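Just below is one structure, and these are the notes that go with it.
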Amino acid sequence: MFDLSLLDICLLLLCALMAGLIDSIMGGGGMIQVPALFSFLPGYPPATLMSVNKIASLVGTSGSAFQYTKANKTPWKLVFISCSAAFLASVGGAYLLTQVPNQWLRGALPFFLLALLIFNIRSTAGLVHAPRHQHHKQTGLASLGGALIGFYDGFLGPGAGAFYKLWYARVLGFDFLRSAAPSKFLNVASNLGALCVFLSLGYMNLKLAFLMAIANLIGGQIGSKMAIKHGNVFIRKAFFITVSALILKTFYDAYIQ
């Protein structure tokens, strides 16, 4: 159906399932799903593959977000306002991607991630729920994070889900479990913003996106249930593993590939 063998389709869907699982726990599923799409479908336009990735991630992330809302009370007003900022910023980032190269950011990203990892090794952020700000200041900081990371998600994207969760933990003082639903909805908003740009320019393959979305959704359900069951310490370990993998992947993409 996609100029692929049945085995290749099954492997691609397995990658989507694993991406959904990893993304639902800490973010960073794109480091599996995007390379898989480019590897199995090298003849497809890159923007089409990115739109497929965004649709699959949007469905999977939405499913895991609603799983987390069942586990903890979600600050819906905060989520709505910051998601609006993430959506608009992602539209801008995705449009800029169609106009200018992003190689300079690709080159800097692994070193930024390494600094982020070192900075957080000794930190206990995310283990204890102790919000540092209230009302307007909390909303303003959440929206600022949504805009900054949303723009990045539209322009480049790897690890955006992890960055959202870390923003809530480091800046707002949420623990990992209580930051899960807000960060997932932010990721949905920035995925949707970038997707609107890709679709408006005619880059789409809905059949492939549908299959990938189902696999990603299944993985997201499995991963979110694991995170809820095992708690903040488990998610913190997943954060360090995810960021370490992202460092290796982004360094390879920027300097070796």
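Numbering of the sequence shown is given in our numbering, commencing with residue 25 and proceeding in unit increments.
Ideal Cβ placement from N, Cα and C applies to all residues, glycine included.
None of the values given here were measured: they were computed from a predicted structure.
| Item | Value |
| --- | --- |
| Inter-stretch contact (C-beta, 8 Å, three-pair minimum) for the region 66 to 75 and the region 91 to 102 | no |
| Element boundaries [alpha helix (DSSP H), containing Arg194] | 184 to 194 |
| Distance between beta carbons of Ile46 and Gly247, contact taken as under 8 Å | 7 Å |
| Inter-residue Cα distance where the pair is Gln158 and Leu196 | 9 Å |
| Residue interval of the alpha helix (DSSP H) (run including Pro70) | 70 to 95 |
| Classification of Ala118 by the beta-carbon crowding that lies within 10 angstroms, buried from 16 upward | buried |
| Which of helix, strand or coil DSSP assigns to Met250 | helix |
| Opening and closing residue of the alpha helix (DSSP H) in which Gly51 lies | Premise fails: Gly51 is in no alpha helix (DSSP H) and is neither H nor E. |
| Cutoff 7 Å; reference Leu140; Cβ partners in own chain excluding five residues on either side | Val267 |
| Element boundaries [alpha helix (DSSP H), containing Val115] | 100 to 121 |
| Euclidean distance between Cα positions of Gly174 and Met42 | 23 Å |
| Top-ranked residue by Cα proximity to Asn229, from Asp32, Ser75, Leu36 | Ser75 |
| Of the residues Gly178, Gly131, Phe90, the one placed nearest Thr122, counting alpha carbons only | Gly178 |
| Given Gly311 as reference, the closest of Lys189, Phe263, Ala218, Gly44 once Cα atoms are compared | Nothing can be reported for residue 311, as the shown portion of the chain is limited to 25 through 281. |
| Selection from Asn77, Asp199, Tyr176, Gln57 that minimises the alpha carbon distance to Lys97 | Asp199 |
| Cys34 versus Thr274 - alpha carbon distance | 26 Å |
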